[in-house]
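*Asks:* Sending over a structure as structure tokens; questions will come in a sec.
Number of protein chains: 2
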Amino acid sequence: MVTPKRFADLELHRFCTEALSKLKVPDGEAQSTADALAYADLRGIDSHGIAHLGRYVRAIRSGAYAVEREIVVVHETPSTALIDGGHGLGFPAAVRSMELAITKAEAVGSSWVATRNSHHFGAAGYYASMALPHDMIGICITNAGPAVVPIFGLRAQIGTNPIAIAVPADKEPPYVLDMATSVKAIGKIEILIRDGAEAPSDWFLQADGSTGGDPQRFISALHGEGLGGQLPLGGCGEQTSGYKGFGLGLGIEILSSILTGNVASPFMPPRRADYAPAIAHLFGAIRVDAFRPAAEFKADVDRILAQIKASPKAAGHDRIWVAGEKEHVILQERRDLGVPLHTEVVQELNTIAVDLDIPLPEIK
Amino acid sequence: MVTPKRFADLELHRFCTEALSKLKVPDGEAQSTADALAYADLRGIDSHGIAHLGRYVRAIRSGAYAVEREIVVVHETPSTALIDGGHGLGFPAAVRSMELAITKAEAVGSSWVATRNSHHFGAAGYYASMALPHDMIGICITNAGPAVVPIFGLRAQIGTNPIAIAVPADKEPPYVLDMATSVKAIGKIEILIRDGAEAPSDWFLQADGSTGGDPQRFISALHGEGLGGQLPLGGCGEQTSGYKGFGLGLGIEILSSILTGNVASPFMPPRRADYAPAIAHLFGAIRVDAFRPAAEFKADVDRILAQIKASPKAAGHDRIWVAGEKEHVILQERRDLGVPLHTEVVQELNTIAVDLDIPLPEIK
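Respectively, the protein sequence lines represent chains A and B. Under the numbering used here, the letters of the first sequence match residues 1 to 364, in that order. Under the numbering used here, the letters of the second sequence match residues 1 to 364, in that order.
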């Protein structure tokens with residue numbers, strides 16, 4: 001593997017915004033999409049950053065994503081809202097939804113905003129984290145295309161359906177959990193493929209019901225070419241409780257697609273370049289001071305995180321990480337040194353640059 | 001193993017109520033505790049039913065649980081409330097909290113009610129399920145005594161911190177997920193010990209950092225006798241994503257103990273017979289019709305559950321179960337045939353009967 005080239009986050013942001021503007025995506029929407037991709041790239045969540053820009057560009061050009069759409073509040077109560085994303089880019093619809101969740105929590109203490117007819121929105125943690133400056137706890141879940149098999153089942157039925165929870169801290173980095181309910185996020189598997197690495201045997205179920213298999217075949221299965229799929233968190237079978245990972249994923253499926261009346265993952269047609277099934281999200285906000293003074297809460301978050309990290313360590317390990325902490329460390333580094341991009345990602349950005357006639361992203 | 005004796009659920013309910021009344025627990029509180037234990041026993045959740053009555057009786061007799069207490073709403077907003085459980089039995093405080101969550105969701109669409117200074121409340125799914133007759137989605141989480149080790153850490157820091165999500169269906173049984181965020185709930189390990197069975201090697205981390213170990217030693221570790229503990233869902237290390245199970249458990253810890261200002265699991269003193277650290281819960285309710293008509297939603301829940309269950313099956317498996325379904329099947333059986341209790345549980349109930357001078361539970 002060659003040393004990856006690094007790019008300033010602002011330069012990647014510029015590139016993303018220009019690419020989308022060329023495709024007639026409104027300015028505000030292009031900006032908010034670029035913001036969310038930069039969030040991921042700056043934090044080392046390489047599976048959810050600009051590496052996916054090509055996918056969004058193709059979806060817009062093929063007409064799979066609507067460019068002219070309205071993001072509409074369909075129905076609301078004091079603490080809830082249903083939003084229709086109008087089949088466009090997921091990022092702006094998600095930002096609008098989380099903003100509304102925050103406004104409602106400000107008014108009545110807590111809220112849920114659900115969003116249908118949306119699309120891939122990058123890292124769920126980005127939206128959950130929007131709650132942090134308001135001293136709120138943020139929650140974000142979403143469904144996705146079918147990828148994960150039920151326990152003892154052979155066909156991928158639900159998405160990797162992630163959950164993100166963001167909690168403000170005082171001096172510690174905020175606690176930001178952002179996890180697929182499958183063993184790994186699909187983006188992590190795409191990274192394996194880019195690196196030509198093998199996947200551990202306990203990530204996939206093959207068509208014959210045995211575990212193992214190569215990641216490329218898994219990605220093919222996602223496109224409807226057969227049985228098999230990804231295992232839920234907890235793996236397959238009873239002993240390690242894979243039914244919990246699947247059960248959580250199915251709960252998230254219900255709380256997003258079924259709650260909004262969106263198509264649910266098991267009923268989505270196989271993926272095609274010119275068709276992207278609509279997905280659905282749910283965003284939650286909880287005002288900390290609805291329960292106790294925010295300053296006291298944040299000091300106690302610091303205390304518990306410090307206590308966990310001070311645990312006696314297993315041999316060969318000198319540090320315990322809590323959710324969001326690695327991302328925080330990488331953030332400091334990448335703000336200075338730039339975002340390293342895999343050669344294949346750089347090639348794809350170059351193709352986009354040529355296709356759309358915009359300047360190549362400049363190497364830092 | 002001998003065939004266990006069976007008891008009518010009403011008889012166990014009578015026994016539980018009488019035992020608590022003898023200890024001067026107010027009638028309503030004794031009733032609601034017996035209700036919650038019967039919920040678990042009738043559904044095959046033997047780890048969270050009357051098998052634990054002895055523990056509650058001892059906690060009350062030793063003064064670890066307050067009998068005369070008030071359950072107080074400390075602070076509220078339209079969609080939230082903080083409740084203080086007054087250090088008594090967890091069941092009545094949890095019921096009161098979930099009732100308030102339902103009332104608030106009825107008024108404003110959704111709600112969160114958090115409860116501090118409470119105690120063990122049985123199966124989290126019981127409280128989440130209270131939302132079902134109201135066509136609401138119910139959520140319940142709680143912290144618990146330290147049992148689960150962080151990834152690469154050797155000391156148990158957080159509880160098995162379960163999450164329950166209950167979703168109403170139409171003709172299908174409701175979707176009721178109720179899962180510890182550890183590989184297994186502690187109650188399941190207690191059952192292993194009663195049965196004299198061995199635990200799989202991937203459930204525990206031993207004091208030296210290796211996996212495996214006998215369940216009895218794990219229970220001893222809970223009482224402060226050394227390092228080691230239970231592994232989170234996902235197991236130990238990076239490959240199978242144990243950091244997700246721990247991350248979710250720590251998120252639940254923060255959303256219960258830290259949000260309410262209760263003592264958090266990592267700071268609880270070792271367990272003692274005469275001292276039970278207060279724990280904290282969080283209850284959520286979401287009105288389905290705040291998003292779409294409940295009848296349509298419930299029909300779609302039926303559809304997705306049927307679709308998952310219709311998946312092609314792995315060899316040797318002829319049925320796929322979804323969360324809450326096994327419990328629903330057992331419920332039909334046990335309502336007719338009675339609740340089977342392990343010999344050791346029957347012995348403990350007999351001891352309680354003698355100690356408190358109440359009639360033995362009658363065998364069905």
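Glycine included, C-beta positions come from ideal geometry on N, C-alpha and C. Fair warning: this is a prediction, and the values are worked out from it, not measured in the lab.
Hey, is Pro-133(A)'s beta-carbon within less than 8 Å of any beta-carbon in chain B?
*Replies:* No, because no Cβ of chain B sits closer than 8 Å to the Cβ of Pro-133(A).
*Asks:* With a threshold of 8 Å, are at least 3 pairs of Cβ atoms found where one atom belongs to the segment 132–150 of chain A and the other to the segment 50–64 of chain A?
*Replies:* In short, these stretches do not touch, since the Cβ pair count stays below three.
*Asks:* When Cβ atoms are compared, which residues of the segment 213–243 of chain A fall closer than 8 Å to chain B?
*Replies:* Within the segment 213–243 of chain A, the residues whose Cβ lies closer than 8 Å to some Cβ of chain B are Leu-227, Leu-233, Gly-234, Gly-235, Gln-239, Thr-240, Ser-241, Tyr-243, listed in chain order.
*Asks:* Between the segment 286–302 of chain B and chain A, which residues of the former have a C-beta closer than 8 Å to a C-beta of the latter?
*Replies:* From the segment 286–302 of chain B, only Ile-286, Arg-287, Val-288, Ala-290, Phe-291, Arg-292, Glu-296, Phe-297, Asp-300, Val-301 have a Cβ closer than 8 Å to chain A.
*Asks:* In terms of DSSP beta bridges, what is Pro-340(B) paired with?
*Replies:* DSSP lists Arg-6(B) as partners of Pro-340(B).
*Asks:* Output the boundary residues of the beta strand (DSSP E) element that contains Gly-242(B).
*Replies:* Counting along the chain, Gly-242(B) falls outside any beta strand (DSSP E), though it belongs to the alpha helix (DSSP H) covering 242–253.
*Asks:* Using a threshold of 8 Å, state whether the C-beta atoms of Ile-50(B) and Leu-282(B) are closer than that.
*Replies:* Cβ atoms of Ile-50(B) and Leu-282(B): not closer than 8 Å.
*Asks:* Tell me whether Val-354(B) is buried or exposed, calling it buried when 16 or more other Cβ atoms sit within 10 Å of its Cβ.
*Replies:* Label assigned to Val-354(B): exposed.
*Asks:* Does Gly-245(A) get closer than 8 Å to chain B when you measure Cβ to Cβ?
*Replies:* Output row for Gly-245(A): interface = yes.
*Asks:* Opposite Ala-275(A) in the DSSP bridges: which residues?
*Replies:* Sequence check: residue 275(A) is Tyr here, not Ala. Bridge partners of Tyr-275(A): Arg-272(A).
*Asks:* Can you list, in chain order, the residues of its chain whose CB lies under 8 Å from that of Glu-29(A), leaving out five sequence neighbours each side?
*Replies:* Excluding residues within five positions, the ones whose Cβ falls inside 8 Å are Leu-20, Gly-88, Leu-89, Phe-91, Pro-92.
*Asks:* Mind listing which residues of the segment 125–157 of chain B have their C-beta closer than 8 Å to chain A's C-betas, in chain order?
*Replies:* So the list reads Ile-137, Val-149, Pro-150, Ile-151, Phe-152, Gly-153, Leu-154, Arg-155, Gln-157, given in the order they occur along the chain.
*Asks:* Would you mind sorting Tyr-275(A) into buried or exposed? The rule is 16 or more other CB atoms within 10 Å of its CB.
*Replies:* Tyr-275(A) comes out exposed.
*Asks:* By Cβ distance, which residues of its chain are closer than 6 Å to His-373(B), with the 5 residues on each side in sequence left out?
*Replies:* The requested residue 373(B) does not occur in the structure, where chain B is confined to residues 1 to 364.
*Asks:* Can the beta-carbon of Arg-194(A) be found less than 8 Å from the beta-carbon of His-342(A)?
*Replies:* Going by C-beta atoms, Arg-194(A) is nearer than 8 Å to His-342(A).
*Asks:* Quick check on DSSP: helix, strand or coil for Met-179(B)?
*Replies:* Met-179(B) falls in the strand class under three-state DSSP.
*Asks:* Since Asn-117(B) and Asn-143(B) should fall inside the 8 Å C-beta cutoff, what is the C-beta to C-beta distance between them, to a whole number of angstroms?
*Replies:* 12 Å between Cβ atoms; not a contact.
*Asks:* If I follow the unbroken beta strand (DSSP E) through Thr-115(A), where does it start and stop?
*Replies:* Note, Thr-115(A): beta strand (DSSP E), 110–118.
*Asks:* Using 10 angstroms around the beta-carbon of Ala-197(A), count the other beta-carbons present and answer buried if the total reaches 16, otherwise exposed.
*Replies:* Ala-197(A) is exposed by the Cβ-count criterion.
*Asks:* What did DSSP end up calling Phe-152(B) once you bin it into helix, strand or coil?
*Replies:* If DSSP states are grouped into helix, strand and coil, Phe-152(B) belongs with coil.
*Asks:* Does any residue of chain A bring its CB to less than 8 Å from the CB of Gly-159(B)?
*Replies:* No, its Cβ sits nowhere closer than 8 Å to a Cβ of chain A.
*Asks:* Among the candidates Trp-321(B), Asp-84(B), Glu-344(B), whose CA atom is the shortest distance from the CA of Gln-307(B)?
*Replies:* For Gln-307(B), the nearest C-alpha among the options comes from Trp-321(B).
*Asks:* Starting from the beta carbon of Asp-202(B), find every residue of chain A whose beta carbon is closer than 9 Å, and list them in chain order.
*Replies:* What Asp-202(B) touches in chain A: Gln-239, Thr-240.
*Asks:* What is the DSSP secondary structure of Ala-295(B), counted as helix, strand or coil?
*Replies:* Looking at Ala-295(B) - three-state DSSP - the assignment turns out to be helix.
*Asks:* Would Arg-287(B) and Gly-109(B) be called neighbours here (beta carbons separated by less than 8 Å)?
*Replies:* Contact flag set, yes.
*Asks:* Closer than 8 Å between beta carbons: that is the criterion. Which residues of the segment 259–283 of chain B meet it against chain A?
*Replies:* Taking 8 Å as the Cβ-Cβ cut-off against chain A, the residues of the segment 259–283 of chain B that qualify are Leu-259, Thr-260, Gly-261, Ala-264, Pro-266, Phe-267.
*Asks:* Taking 8 Å as the threshold (C-beta atoms), are Ile-137(A) and Leu-255(B) in contact?
*Replies:* Yes; because the gap between Cβ atoms is below 8 Å, this pair is in contact.
*Asks:* Go ahead and pull the three-state DSSP assignment for Ala-34(A).
*Replies:* Looking at Ala-34(A) - three-state DSSP - the assignment turns out to be helix.
*Asks:* For Thr-80(B), decide whether its Cβ has a neighbour in chain D, counting only Cβ atoms nearer than 8 Å.
*Replies:* Annotation note: the requested chain D is absent from the structure, which comprises protein chains A and B.
*Asks:* Looking at the secondary structure, which residues open and close the beta strand (DSSP E) in which Ile-158(A) lies?
*Replies:* Counting along the chain, Ile-158(A) falls outside any beta strand (DSSP E), and DSSP gives it neither H nor E.
*Asks:* Tell me whether Lys-364(B) sits in a helix, a strand or coil according to DSSP, three-state version.
*Replies:* In the structure shown, Lys-364(B) sits in coil (DSSP, three-state: anything other than H, G, I, E or B).
*Asks:* Take Ala-164(B) and list the residues in its own chain whose beta-carbon comes closer than 6 Å to its own, dropping the five residues that flank it on each side.
*Replies:* If we look at Ala-164(B) and ignore the five residues flanking it on each side, its Cβ neighbours are Ala-124, Gly-125, Ala-128, Cys-140, Asp-178.
*Asks:* Residues of chain B with CB closer than 9 Å to the CB of Gln-307(A), please, in chain order.
*Replies:* Here the neighbours are Gln-157, Ala-264, Pro-266, Phe-267.
*Asks:* Please report the straight-line C-alpha distance between Phe-7(A) and His-48(A), rounded to a whole angstrom.
*Replies:* Cα to Cα, Phe-7(A) sits roughly 16 Å from His-48(A).
*Asks:* Taking Asp-46(A) as the reference, give the member of Pro-361(A), Glu-344(A), Glu-362(A) with the closest Cα.
*Replies:* Of the listed residues, the one whose Cα sits closest to Asp-46(A) is Glu-344(A).
*Asks:* Closer than 7 Å, Cβ to any Cβ of chain B: which residues of the segment 173–187 of chain A, in chain order?
*Replies:* So the list reads Tyr-175, Leu-177, Met-179, Val-183, Lys-184, given in the order they occur along the chain.
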